[in-house]
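S.K.:
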Amino acid sequence: MIIQLQQGIPAELKENILKQVQEIGYKANEVVTQQAHYLVAIGKKEFDIRQIGQLPGVADIHRVSEEYKLISRRWRVEPTRIDLGDGVMVGEGNFSIMAGPCSIEGEEQVERVVAHLVENNVKIMRGGVFKPRSSPYAFRGLGIDGLKMFHRICRENGIKIITEVMQVSQIEEMIDYVDVFQVGARNSQNFNLLDALGEAQKPVLLKRGISGTLEELLQAAEYIFSNGNEKIMLCERGIRGYEKAYRNILDLNAVPVLKEKTHLPVIVDPSHGIGLRDYVASMALASVMAGADGVIYETHYTPEKAFSDGQQTLNFQESERLIKRMRQAYELRESF
Ligand code: PEP
Ligand code: MN
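Counting in full-length UniProt numbering, the sequence shown runs from 1 upward without gaps.
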């Protein structure tokens, strides 16, 4: 059960609600987010919800039986929209394009990608400075100095930054240089990291785990929300299967199903999803048609020379063509 408290509720009223919740045998967690103040009450006993609903200080109340509650569409029917500042919104009513290299490699590279994005009116650049790599001998990113350089060039050009955070201790050093923290597939169930990002008050793009179910993804998002951060986007990036012909199985079924289960925006990453440059655009367009709120993909001026994931990275010509086609596809979808 979720109880939304009135804004600025006096302590005595809150105490009274808590007392009544305990009396019916429920255990309550208090959650204060950017937008609201909730009590998430967990229990099994049947009772008339109006008993609590009518108490002074209660703004709204609903029974939600899933393991995830605050991110559930049953609780909040209105879709969540995330404001990244300067008019950049993610969520219903907007189609967000996030593009950039797999890894940030240097100043010239960032400048060239930024120029490509500006030319195409793309407002969000991706790029890793802390890279999770399967092999310890692969390029692992430029680290915090690379992020500062990435941030300076993006700020000079009105571009927002999404980049991966791999561990709790990085949050503090990164936070002033990031607009969206990405949680990578390998960290999708790093519950300490999710807790800490819940307290961090910065938007988060949470990727689905390599073999993660949608239920697990939703519960991971609930970790962030229940620690006080509502600004969450979910990302389908493909799951591990037995097929060897492509990198992952991009599960586009996830898009409508997630949109039905949660009010959070759903973004698709076709680059990691299929892992083959020639087919990234097709899967991106299919994602738009499946109902995605945005697409995140990899682009580089010379993909064959990229420090990581060149095999799935679009050159600028391919990227420009894709941007135009995704916008057309989105308009078509919205006209249905
Ligand atoms: C990435 O976005 O470059 C990345 C490592 O993604 P994932 O966590 O989905 O593998
Ligand atoms: Mn990559």
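No residue lacks a Cβ here, since even glycine has one placed at the ideal position from N, Cα and C.
(1) Taking Leu117 as the reference, which of Arg140, Gln317, Glu331 and Phe191 has the closest Cα?
(2) Is there contact between the region 194-213 and the region 4-23, where contact requires at least three CB pairs shorter than 8 Å?
(3) What does a CB cutoff of less than 8 Å around Gly57 pick up in its chain, not counting 5 residues either side in sequence?
(4) Within the continuous alpha helix (DSSP H) that includes Gln4, where are the two ends?
(5) For the ligand MN, which residues count as neighbours when the test is a C-beta closer than 5 Å to any heavy atom?
(6) Note down the Cα distance separating Tyr68 from Asp195, rounded to an integer number of angstroms.
(7) Do Ala290 and Leu252 have their C-beta atoms within less than 8 Å of each other?
(8) Between which two residues does the beta strand (DSSP E) carrying Leu234 extend?
(9) Quick one: which unbroken alpha helix (DSSP H) runs of 4-plus residues sit fully inside the region 126-178? Chain order, please.
(10) Give me the Cα-Cα distance between Ala306 and Asp86, rounded to the nearest whole angstrom.
(11) Excluding sequence positions up to five away, which residues of its chain have a Cβ less than 6 Å from the Cβ of Lys27?
(12) So, does the region 209-216 touch the region 175-191, judging by three or more C-beta pairs under 8 Å?
(13) Kindly indicate which residue of Met1, Leu39 and Glu66 has the alpha-carbon position closest to the one of Phe47.
(14) Round the Cβ separation of Gly100 and Gly141 to the nearest angstrom and send it over; I've been treating them as touching at under 8 Å.
(15) So is Gln312 buried or exposed if we call it buried at 16+ other beta carbons inside 10 Å?
(16) What number of angstroms, rounded off, separates the C-alpha of Asn315 from the C-alpha of Glu243?
(17) Is Pro265 buried or exposed, if buried means 16 or more other CB atoms sit within 10 Å of its CB?
(18) Beta-carbon within less than 7 Å of Ala329's beta-carbon, same chain only, minus the 5 sequence neighbours each way: which residues are those?
(19) When DSSP builds the beta bridges, which residues end up paired with Val31?
(20) The ligand PEP and Lys14: does any heavy atom of the ligand fall closer than 7 Å to the residue's C-beta?
M.R.: On the basis of the data shown:
(1) Residue nearest to Leu117 within the set Arg140, Gln317, Glu331 and Phe191 is Gln317 (criterion: CA-CA distance).
(2) No, the region 194-213 is not in contact with the region 4-23.
(3) Taken in chain order, the residues that qualify are Leu5, Gln6, Ile9, Pro10, Leu13, Lys14, Asn16 and Ile17.
(4) That residue, Gln4, is in no alpha helix (DSSP H); its beta strand (DSSP E) goes Ile2 to Leu5.
(5) Ordered along the chain, the selected set is Cys102 and Asp309.
(6) If you take the alpha carbons of Tyr68 and Asp195, they lie about 15 Å apart.
(7) Yes; because the gap between Cβ atoms is below 8 Å, this pair is in contact.
(8) Unbroken beta strand (DSSP E) run through Leu234: Ile232 to Glu236.
(9) The region 126-178 contains these whole alpha helix (DSSP H) runs: 143-156 and 168-174.
(10) Rounded to the nearest whole angstrom, the CA to CA distance from Ala306 to Asp86 is 31 Å.
(11) Taken in chain order, the residues that qualify are Ile42.
(12) With a cut-off of 8 Å, the region 175-191 and the region 209-216 count as touching, because enough Cβ pairs lie within range.
(13) Phe47 has its Cα closest to that of Met1, out of Met1, Leu39 and Glu66.
(14) Actually they do not touch by this definition, with Cβ atoms about 13 Å apart.
(15) Gln312 is buried by the Cβ-count criterion.
(16) C-alpha of Asn315 to C-alpha of Glu243: approximately 26 Å in a straight line.
(17) Buried: at least 16 other Cβ atoms inside 10 Å.
(18) Cβ neighbours of Ala329 beyond the five flanking positions: Leu285, Val288 and Met289.
(19) Answer is Tyr38, bridged to Val31.
(20) No heavy atom of the ligand PEP is found nearer than 7 Å to the CB of Lys14.
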